[in-house]
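K.L.:
Okay, handing you the structure first.
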Amino acid sequence: MSLIYRGMKSVRLLPSAVAGLGLVLICGGMCAWAAVAPTTGQDFEERVLYYKGEKFLAHRSGSSITTFSWAREVSAQVLSFSPSASNYWAETRLLGPVSVILLETNEPPAPAVSSDSNPGARELSPITPSIGGPMSLEKIEVQVTNDYYVASAQLNQAQGAVGRQVAFISLPAGLAAYLERLTARKKLTLQTLDSVDIHAVAAPGERMGFPIKTIRWQGGEWNWKMPIPAKGVVPGRQWINLDDQWGAIVISPGAWLLSSEPESPDKPAGPRLGLLPPGAMNYESGEVMQQRIVVIAQNQTARQTATLARELAKEGNLQTTQVSFQLAQWLIRADFEPEVPAVTLERVTDSR
């Protein structure tokens, strides 16, 4: 069953607020209710949903939902639900904000200020405002089948200073891949880059507390009894696994950051995972700022996530314009040369 309501105001509700009704609210320029959430303790029925008029995609797969929306705002996320850890969902948000400082601009220089030690002297203000703001969609291409969907898009962020090519691929059995390539369109300094953000969302009737009990990575782990340093901790560069239930793998020069999040009316308390920005911070116009591939896999132990990470590492250089890698029985090829990334999927017999 699916119900579509037109003309509603854009309101965002956490999945926990509606999961008990078997509904998830997805909002953009228009709002749509889709019957995609599971009854507690049950897996999803596999299904790909495409609401063309409302400009969003949803995929029920195993114990997860992936969504991609491009109505008023462009967003992509994965909601992971495990029957054996039914007190929370893991929510992975992709396509976060970017802010930069322009190094060359046609704007007038910052106003001069007097020095306290020498009132007659004039110095340039050291404060240069950063620019951010919402992203805007330039072009999008969508592929939809009974097994998967692919959303490829060209976006601009930071008021046109940054071009962002993205491809979001939702596969059967709870596999998803997110590819992005950021290019400077002006000479700039990168201030912030939020690419992937993972945190917990309480299930119906559950008090949040610290829902994620254990986070594992190569050579270490964190559990809910351990404090998180104020500045966070970098657990690893490639993979992380939550509660032996699902894993996330990043293929890029960056690293994961584990930080603590206080409880608020719309955000739960507990650990939060995100990707650190790349090491280089200054970029010339036309220079590639960042290229990442993030793979999310449901129903995986830490050992299985580590194995998948090693298999992906064997695929060769995935930081080039044209990349290819295999997930389960799907061979994925992506080309960042076109304005909108060209993505093709091929089913192969050598399943992983």
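According to my numbering, the sequence shown holds residues 1197 to 1548 in order. Yeah, the Cβ is synthetic: ideal placement off N, Cα and C, and Gly gets one too. Everything numeric in this text was worked out from a predicted model, so none of it was measured.
(1) Could you tell me if A1498 is buried or exposed, where buried requires 16 or more neighbouring beta carbons within 10 angstroms of its beta carbon?
(2) Using three-state DSSP, classify E1241 as helix, strand or coil.
(3) Shortest alpha-carbon distance to V1519 belongs to which of P1467, G1258, E1511?
(4) DSSP on K1409, reduced to helix/strand/coil?
(5) P1467 by DSSP, collapsed to three states: which one?
(6) Per DSSP, what kind of secondary structure is R1506 in: helix, strand or coil?
(7) Tell me the residue span of the beta strand (DSSP E) that contains L1253.
(8) Apart from the five residues on each side of it in sequence, which residues of its chain come closer than 6 Å, Cβ to Cβ, to I1489?
(9) List the residues that DSSP assigns as beta-bridge partners of G1443.
(10) Just tell me which of M1485, D1343, P1368 has its CA closest to the CA of A1380.
(11) Can you list, in chain order, the residues of its chain with a C-beta nearer than 7 Å to that of I1297? Leave out the 5 residues immediately preceding and following it.
(12) Going along the chain, which residues of its own chain have a beta-carbon closer than 8 Å to the beta-carbon of E1241, five neighbours each way excluded?
(13) Assuming V1491 and A1347 form a contact by the criterion Cβ under 8 Å, report the distance between their Cβ atoms to the nearest whole angstrom.
(14) Who are I1297's beta bridge partners in DSSP?
(15) So, under 8 Å CB-CB, A1286 and A1451 are touching, yes? Tell me the CB distance rounded to an integer number of Å.
(16) Just mark G1249 as buried or exposed, buried being the case when its beta carbon has 16 or more other beta carbons within 10 Å.
(17) For N1352, which option in E1417, L1333, L1389, Q1339 has the closest C-alpha, if you only look at C-alpha atoms?
(18) Thinking L1158 and V1392 are a contact (beta carbons under 8 Å), I'd like their distance in whole angstroms, please.
(19) Ordered along the chain, which non-local residues of its own chain (more than five positions away) have a Cβ less than 6 Å from that of S1456?
(20) When you compare the CB positions of Q1355 and E1535, do they come within less than 9 Å of one another, or not?
(21) What does DSSP give as the partner residues of I1336 in its beta bridges?
(22) How about T1501: is its C-beta nearer than 9 Å to some C-beta of chain E?
(23) Mapping the DSSP letters down to three states, classify G1416 as helix, strand or coil.
(24) Skipping 5 residues on each side, what residues in its chain have a beta carbon closer than 7 Å to that of L1454?
(25) Could you name the residues that DSSP lists as bridge partners for R1289?
(26) To the nearest angstrom, report how far apart G1218 and T1516 are at their CA atoms.
(27) Assign M1331 to one of two classes, buried (16 or more other C-beta atoms within 10 Å of its C-beta) or exposed (fewer than that).
(28) Taking 6 Å as the limit between beta carbons, can you name the residues of its chain near L1527, skipping five residues before and five after?
(29) To the nearest angstrom, how far is the alpha carbon of Q1434 from that of Q1522?
(30) From the DSSP output, in three-state form, read off T1501 for me.
(31) Could you give the DSSP three-state label for T1370: helix, strand or coil?
(32) Considering only DSSP beta bridges, list what A1538 is partnered with.
(33) Reducing DSSP to helix, strand and coil, say where I1424 ends up.
(34) Could you give the distance in angstroms between the alpha-carbon of G1370 and the alpha-carbon of P1449?
(35) Of the residues P1537, R1243, R1506, which one's Cα is nearest the Cα of R1367?
(36) Within a Cβ cutoff of 7 Å, which residues of the same chain sit near S1295, ignoring the five residues on either side of it in sequence?
P.N.:
On the basis of the coordinates in this document:
(1) By 1-based counting over the sequence shown, the position of residue 1498 is 302. Answer is buried; the Cβ neighbour count reaches 16.
(2) Translated into positions along the sequence shown, residue 1241 becomes position 45. Three-state result, E1241: coil.
(3) In the sequence shown, residue 1519 corresponds to position 323, counting from 1. Nearest of P1467, G1258, E1511 to V1519, Cα basis: E1511.
(4) Working through the sequence shown from its first residue, we reach residue 1409 at position 213. In the structure shown, the three-state DSSP call for K1409 is coil.
(5) Here residue 1467 refers to the residue found at position 271 of the sequence shown. Strand, per DSSP.
(6) Taking the first residue of the sequence shown as position 1, residue 1506 is located at position 310. Correct three-state label for R1506: helix.
(7) Looking up residue 1253 in the sequence shown gives position 57. 1252-1257 is the span of the beta strand (DSSP E), which, as asked, contains L1253.
(8) One-based indexing of the sequence shown puts residue 1489 at position 293. Closer than 6 Å at Cβ, skipping near neighbours: L1375, I1447, L1514.
(9) Here residue 1443 refers to the residue found at position 247 when the sequence shown is read from its first residue. DSSP lists N1437, A1493 as partners of G1443.
(10) Position 184 of the sequence shown, counted from the start, is the residue given in the question as residue 1380. Residue M1485 is the option with its Cα nearest to A1380.
(11) Taking the first residue of the sequence shown as position 1, residue 1297 is located at position 101. Within the same chain, I1297 has close Cβ partners T1324, S1326, L1384, T1385, Q1387.
(12) The sequence position of residue 1241 within the sequence shown is 45, counting from 1. In its chain, beyond the 5 residues on either side, R1256 have a beta carbon closer than 8 Å to the beta carbon of E1241.
(13) To locate residue 1491, count along the sequence shown from 1; it is residue 295. To locate residue 1347, count along the sequence shown from 1; it is residue 151. Their Cβ separation, rounded to whole angstroms, is 16 Å, which puts V1491 and A1347 out of contact at 8 Å.
(14) In the sequence shown, counting from the first residue as 1, residue 1297 sits at position 101. In the DSSP output, where bridge partners are listed per residue, I1297 has T1385.
(15) For the purposes of this step, residue 1286 is taken as residue 90 along the sequence shown, with counting starting at 1. For the purposes of this step, residue 1451 is taken as residue 255 along the sequence shown, with counting starting at 1. About 19 Å; that fails the 8 Å criterion.
(16) Mapped onto the sequence shown, residue 1249 falls at position 53. Result: exposed.
(17) What you label residue 1352 is simply residue 156 of the sequence shown in a count that begins at 1. When only C-alpha atoms are compared, the closest one is L1333.
(18) Any property of residue 1158 remains undetermined from this structure, which presents the chain solely from 1197 to 1548.
(19) Here the question's residue 1456 lines up with position 260 in the sequence shown. The beta carbon of S1456 sits closer than 6 Å to those of I1424, all from its chain and outside the five residues before and after it, given in chain order.
(20) Against the sequence shown, residue 1355 aligns to sequence position 159. Against the sequence shown, residue 1535 aligns to sequence position 339. Judged by their CB atoms, Q1355 and E1535 are not nearer to each other than the 9 Å cut-off.
(21) In the sequence shown, the residue the question calls residue 1336 occupies position 140. Per DSSP, A1349.
(22) The displayed structure is made up of one protein chain only, and chain E is not part of it.
(23) For this step, residue 1416 is matched to residue 220 along the sequence shown. DSSP places G1416 in strand when its eight states are reduced to three.
(24) Translated into the one-based positions of the sequence shown, residue 1454 becomes position 258. Within the same chain, Cβ atoms closer than 7 Å to the Cβ of L1454 are found at I1411, W1418, I1424, G1428, V1429, P1431, P1467, L1469, the five residues on either side in sequence being excluded.
(25) Here residue 1289 refers to the residue found at position 93 when the sequence shown is read from its first residue. DSSP, once it has assigned bridges, lists Q1273, D1393 as partnering R1289.
(26) Locating residue 1218 in the sequence shown gives position 22, counting from the first residue. Locating residue 1516 in the sequence shown gives position 320, counting from the first residue. Annotation note: pLDDT 38 at G1218 (below 50); position unreliable, coordinate value reported separately. Cα to Cα, the separation comes out at about 42 Å.
(27) As a working note, residue 1331 is residue 135 in the sequence shown. Buried.
(28) By one-based count along the sequence shown, residue 1527 stands at place 331. If we look at L1527 and ignore the five residues flanking it on each side, its Cβ neighbours are E1542, V1544.
(29) Numbered from 1 along the sequence shown, position 238 holds the residue referred to as residue 1434. Numbered from 1 along the sequence shown, position 326 holds the residue referred to as residue 1522. If you draw a straight line from the Cα of Q1434 to the Cα of Q1522, it is about 17 Å long.
(30) Counted from its first residue, the sequence shown places residue 1501 at position 305. DSSP places T1501 in helix when its eight states are reduced to three.
(31) Here the question's residue 1370 lines up with position 174 in the sequence shown. Per the sequence shown, the amino acid found at residue 1370 is Gly instead of Thr. Helix, per DSSP.
(32) Start at 1 with the first residue of the sequence shown, and residue 1538 comes out as number 342. In the DSSP output, where bridge partners are listed per residue, A1538 has D1531.
(33) Working through the sequence shown from its first residue, we reach residue 1424 at position 228. Reduced to three states, the DSSP call for I1424 is coil.
(34) Residue mapping note: residue 1370 aligns to position 174 of the sequence shown, counting from 1. Residue mapping note: residue 1449 aligns to position 253 of the sequence shown, counting from 1. G1370 and P1449: Cα-Cα distance of roughly 25 Å.
(35) By one-based count along the sequence shown, residue 1367 stands at place 171. Looking at the sequence itself, residue 1367 is Leu, so the reference to Arg does not match. When each option's Cα is compared against that of L1367, the closest is R1243.
(36) The count along the sequence shown starts at 1 and reaches residue 1295 at position 99. If we look at S1295 and ignore the five residues flanking it on each side, its Cβ neighbours are S1326, I1327, G1328, A1354, Q1387, T1388.
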